[in-house]
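Novice: Protein chains in written order, with the numbering used here: chain C, 1 to 397; chain F, 1001 to 1698.
Positions of the beta carbon are idealized from the N, C-alpha and C atoms, including for glycine.
#1: Residues in its own chain within less than 8 Å of residue 1613 of chain F by CB, not counting five upstream and five downstream?
#2: Given a limit of 7 Å on CB to CB distance, which residues of the stretch 146-178 of chain C reach chain F?
#3: Please report the Cβ distance between residue 1473 of chain F and residue 1307 of chain F, rounded to the nearest whole angstrom; I am assuming they are in contact, meaning their Cβ atoms lie under 8 Å.
#4: Excluding the 5 residues preceding and the 5 following residue 1006 of chain F in the sequence, name in chain order all residues of the same chain whose CB lies nearer than 6 Å to its CB.
#5: Compile a chain-ordered list of the residues in the stretch 1064-1082 of chain F whose CB is closer than 7 Å to at least one CB of chain C.
#6: Along the stretch 179-203 of chain C, what residues have a CB closer than 9 Å to any CB found in chain F?
#7: Use the C-beta contact count for residue 1566 of chain F: other C-beta atoms within 10 angstroms, 16 or more gives buried, fewer gives exposed.
#8: Go ahead and pull the three-state DSSP assignment for residue 1691 of chain F.
#9: In terms of DSSP beta bridges, what is residue 1458 of chain F paired with?
#10: Looking at residue 357 of chain C: is its Cβ nearer than 8 Å to the Cβ of residue 116 of chain C?
#11: In this structure, does DSSP put residue 328 of chain C in helix, strand or coil?
#12: Apart from the five residues just before and just after residue 21 of chain C, which ones in its own chain have a Cβ nearer than 7 Å to its Cβ?
#13: Would you say residue 1629 of chain F reaches chain C, if we count a Cβ-Cβ gap shorter than 8 Å as a contact?
#14: Just the chain C side, please: which residues come within less than 7 Å of residue 1688 of chain F by C-beta, in chain order?
#15: Who are the near neighbours of residue 1118 of chain F in its chain, counting only those whose CB is closer than 8 Å to its CB and skipping five residues on each side?
#16: Please name the residue or residues paired with residue 205 of chain C in a DSSP beta bridge.
#17: Buried or exposed for residue 1155 of chain F, please, with buried defined as at least 16 other CB atoms from any protein chain shown within 10 angstroms of its CB.
#18: Which chain F residues are close to residue 379 of chain C, counting only those with a beta carbon under 9 Å from its beta carbon?
#19: For residue 329 of chain C and chain F, any beta-carbon pair shorter than 8 Å?
#20: Could you name the residues that DSSP lists as bridge partners for residue 1443 of chain F?
#21: For residue 1056 of chain F, which residues of its own chain have a beta-carbon under 6 Å away from its beta-carbon, when the five flanking residues on both sides are left out?
#22: Tell me the rounded alpha-carbon separation between residue 1645 of chain F and residue 38 of chain C.
#23: For the stretch 261-272 of chain C, which residues have a beta carbon sitting closer than 7 Å to at least one beta carbon of chain F?
#24: Mind checking if residue 1015 of chain F is an interface residue toward chain C, Cβ cutoff 8 Å exclusive?
#25: Considering only the alpha carbon of each residue, which of F:1022, F:1407, F:1681 and F:1483 lies closest to residue 1301 of chain F?
#26: With 16 as the cutoff for other CB atoms within 10 Å, does residue 210 of chain C come out buried or exposed?
#27: Do residue 257 of chain C and residue 34 of chain C have their C-beta atoms within less than 8 Å of each other?
#28: Count the other C-beta atoms from every protein chain shown that fall within 10 angstroms of the C-beta of residue 1434 of chain F, then say buried if there are 16 or more, exposed otherwise.
#29: What is the DSSP secondary structure of residue 90 of chain C, reduced to helix, strand or coil?
#30: Check for me: the beta strand (DSSP E) holding residue 1390 of chain F runs from which residue to which?
#31: Would you list the one or two residues that DSSP bridges to residue 1105 of chain F?
#32: Using a Cβ-Cβ cut-off of 7 Å (strictly less than) and excluding sequence neighbours within five positions of residue 1730 of chain F, which residues of its own chain qualify?
#33: Does the pairing of the stretch 1497-1506 of chain F with the stretch 1540-1548 of chain F give three or more beta-carbon distances under 8 Å?
#34: Consult DSSP for residue 1115 of chain F and reduce its assignment to one of helix, strand or coil.
#35: Using only alpha-carbon positions, find the residue among F:1014, F:1470, F:1520 and F:1562 that is nearest to residue 1608 of chain F.
#36: Counting only the same chain and skipping the five closest in sequence on each side, list residues whose C-beta sits under 8 Å from that of residue 176 of chain C.
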């Protein structure tokens, strides 16, 4: 019991759409904002209890200086503790969480602040030509976001679509799940189910200043059929702007602590991090890697799929939760639908958005708050990362 | 010259003529807030310029002015907004009409529809139109009615009775149809501008025709009321089409009012319609058919064979109808029947069928002649050797269809062979063909000349080129095409089939058979299911249902009543059925109705719901089986092909509005209560529930 790791607080910003409300906010400010919120959310300031900071971020060039962005955030918070910045693509914040868990188990730390931050609207185009100088001819600018791909590999949109095809997930199923994501988000919003996790933020955009308090991207007034009319992108078979998230801005924060320390400080806790696991597979396997990570996690903890009350699988594309739950259901169609109906119950990245370095913590906190709301239980949150790495975390409330 | 956004105003100082050229944003001219503001501004400008006359024309090649901007209205469907828009339109038209100058319009092979036609009728003293121009008041087709004085102004041209028919039928007619009135004048294209200018200059005092008509009332108020009452009986059977009652109530209220008050009184009948879900569904359906349907077709229509002529084999009612639509679109047709004389007789039958159209003035005689010139009757299969597309429409029997297919492919293996069948799978028909990839389904609906839908069926072997050829031909015939997968009864026939079967079962549960049909009409179906049995032919229904049951025993069952009626020769089409002379109940049919044991008759609402649910569920089973791939196709096919109520938009919208969970729950309850296999909820519902959405399918 004493060495159990508990979640003391978890907060995120509302997620902004591409070039939307957060597009003029520096990621440094955004990360500091959610961190401050998490550090005071438990009813008192706990800044001084933090032993280390772990920051997930995938595209540091969005910062004014894209180096040691974690330490930059730490100093902004006036927290002079060792800060690690981690890039495992979209896995980053859950990898960060896993490293904190190691530290805790090794007895090196008692409390840690975990952050995930991404400002995709602020990622600059770049050119490698300018440094040496351009003599004649045009300068070509590269956009690291269009499409998101890695040298020698295909765009992730293609991998997602091929995964859907491999596991016989139809285009209509992808589009239905995508529409469902928007509708579930709308229901959750109306019921106030994001109130716990969202910390509104004052932002400035085009000389206007306002309080940004609600996810900006969801479109619950669309339809499955309209999504079905969209054409596939980047040479994929089924990936469209309708069954994929946008390019988004947002940040998430979580404070974890040894249970005995939390008790000593009389801090309430949201839930327990039971275990984490990671997985890798061939580079085009991003759609099913969450399932492999979850399977390793379940094996490690001796948990059965049926013991899970809730599942969060990040909707990097609608294919990820669909393919991964199908694998977890062992191809049993009835079981698949059962798992799906407890997956991403408040909507996912297709609706809310996917600021790549922040989503992993978002799904973890959505899971813990929803388990709490339901009076307890256990669930997993899993995410895929570029070039096929996966992270999964088992949380019990 | 003054540029506004949607009307170009020019004033010719020498002639003193102001010209208004309509050119709104979008592919056709439409009436929105911008247009109304511009029209009012143009009227003021013409008065300020002391114009001696005004000429209105359009810059769009095919469209003069085609009614309200539905995109704009749909974006913010609030009654208050619509009311303000309508009042603004009234004021702008009034400003133009009351100017101290004659107003004339020039319509050049264009359409003036709805509010566009009302503009002509209210604001213009004279309308000059070329042959080929079309005018009408199709508002009811999008759940509205003409509310800018259309009925009143049109009555002066064609009389109240005809005007009411046009309003209630949502009709669009050739301009010639209105030329009996001096207000509409047909002029050849090359003379039209000169003629119009001359008329404007020569008639400076023909003004305000529509405000101070000085004409005697076209008809007496009592007779108007009688006609309105008669229309009410025809059109307001289904309470879910409020626009018909609104149109009639507005007509009634306006009978004895002066024109301005008559128009004013229409506002309160018109504006609230937009808050009705059925009305917005109809507007959406209009877009679904016109804007979405073409996007659902396979992208690769370039692969279509060039079709310069077709052969139609089998000259029954359907074959003749198909030949007729081809020939009418200038596609030469070889019309085949069993022998030469039969083929010739079939052509004669087509000719006879067209006579009334010409006699009543709906068609120019030249159109009939051109159509008939395009049809060549023959029975010589060697003629097929260079025909790119053969449409087979012989009797619905697998062996016969296979024989024809083999015969055709032995003469011309390159031809695309399109089989018009309502239930036989393409796979079965092409199973013994040397080139199954050339075989595709083209399922027409009866009467082929009038029904707007074509269901193109892609068999598992059908080539992309054959499919594209069929679709391109359907488009040339001005059909709305949907592409579906193969299977017994494809999409529409099996879905229509359960409608008829449910009708029988409702009768077996104890609802009076004719009441079953009446409640179907009240629910918005064009014809009751038991009435369909007689008109479509009992044998056809029975055989199709039997075939479906043999292929999908888990989903279909045959009512005993149906079997007994067929056995007794109660099959309609000349033989007895539920109706005598097409409409009178034939009580003798009652003897065949087999009462279901221990089943309580559902109340009328529940019965109507069962008719809808049976179709909805079957449509969703078609998704499960891959016959359908998307919800748009589902809705288009159901409304245009098999009479699913248009104000519901189709099965997918029905489920969206009722809720996926609720639909599934109702199906389970009905399935439990009746034991009828086709109420077992489709798996698609389970999938949707698991995906977390309860609606928003289409």
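Specialist: Well, looking at it:
#1: Within the same chain, 1663, 1666, 1667, 1670 and 1679 come within 8 Å of residue 1613 of chain F by CB-CB distance, once the 5 residues on both sides are set aside.
#2: Within the stretch 146-178 of chain C, the residues whose Cβ lies closer than 7 Å to any Cβ of chain F are, in chain order, 172, 173, 176 and 177.
#3: The pair is a contact, with the Cβ atoms about 6 Å apart (cut-off 8 Å).
#4: 1024, 1034, 1035 and 1038, listed in sequence order.
#5: Those would be none; no residue qualifies.
#6: Taking a C-beta cut-off of 9 Å against chain F, the contacting residues of the stretch 179-203 of chain C are 179, 180, 181, 182, 183, 184 and 187, listed in chain order.
#7: Around the beta-carbon of residue 1566 of chain F, 16 or more other beta-carbon atoms lie within 10 Å, marking it buried.
#8: Per DSSP, reduced to three states, the secondary structure at residue 1691 of chain F is helical.
#9: Answer is F:1485, bridged to residue 1458 of chain F.
#10: With respect to residue 116 of chain C, residue 357 of chain C sits close: the two C-beta atoms are nearer than 8 Å.
#11: Reduced to three states, the DSSP call for residue 328 of chain C is helix.
#12: Excluding sequence neighbours, residue 21 of chain C sits near 203, 205, 212 and 216.
#13: Taking 8 Å as the CB threshold, residue 1629 of chain F lines the interface with chain C.
#14: Neighbours of residue 1688 of chain F on chain C, chain order: 176.
#15: Closer than 8 Å at Cβ, skipping near neighbours: 1093, 1137, 1146, 1148, 1149, 1150 and 1153.
#16: DSSP output for residue 205 of chain C lists C:208 as bridge partner(s).
#17: By the neighbour-count criterion, in which a residue is buried when 16 or more other Cβ atoms sit within 10 angstroms of its Cβ, residue 1155 of chain F is buried.
#18: Correct list: empty, because the minimum Cβ distance to chain F is about 16 Å.
#19: Not one beta carbon of chain F lies nearer than 8 Å to the beta carbon of residue 329 of chain C.
#20: Residue pairing by DSSP places residue 1443 of chain F opposite F:1455 in a beta bridge.
#21: Excluding residues up to 5 positions away in sequence, 1020 and 1105 lie with their Cβ nearer than 6 Å to the Cβ of residue 1056 of chain F in the same chain.
#22: Straight through space, the alpha carbons of residue 38 of chain C and residue 1645 of chain F are spaced by roughly 55 Å.
#23: Those residues of the stretch 261-272 of chain C that come within reach of chain F (Cβ to Cβ, closer than 7 Å) do not exist; the list is empty.
#24: Answer no: the Cβ-Cβ gap between residue 1015 of chain F and chain C never drops below 8 Å.
#25: Answer by Cα proximity: F:1483.
#26: Its Cβ having fewer than 16 others within 10 Å, residue 210 of chain C is exposed.
#27: Taking 8 Å as the Cβ cut-off, residue 257 of chain C and residue 34 of chain C do not qualify as a contacting pair.
#28: Counting Cβ neighbours within 10 Å, residue 1434 of chain F comes out exposed, since fewer than 16 surround it.
#29: DSSP places residue 90 of chain C in strand when its eight states are reduced to three.
#30: Residue 1390 of chain F -> beta strand (DSSP E) spans 1389-1392.
#31: In the DSSP output, where bridge partners are listed per residue, residue 1105 of chain F has F:1056 and F:1127.
#32: For residue 1730 of chain F there is no data in the structure shown, the boundaries of chain F being 1001 and 1698.
#33: These segments touch.
#34: In the structure shown, residue 1115 of chain F sits in a helix (DSSP, three-state: H, G or I).
#35: Closest in alpha carbon position to residue 1608 of chain F, among F:1014, F:1470, F:1520 and F:1562, is F:1520.
#36: The answer, listed in chain order, is 224.
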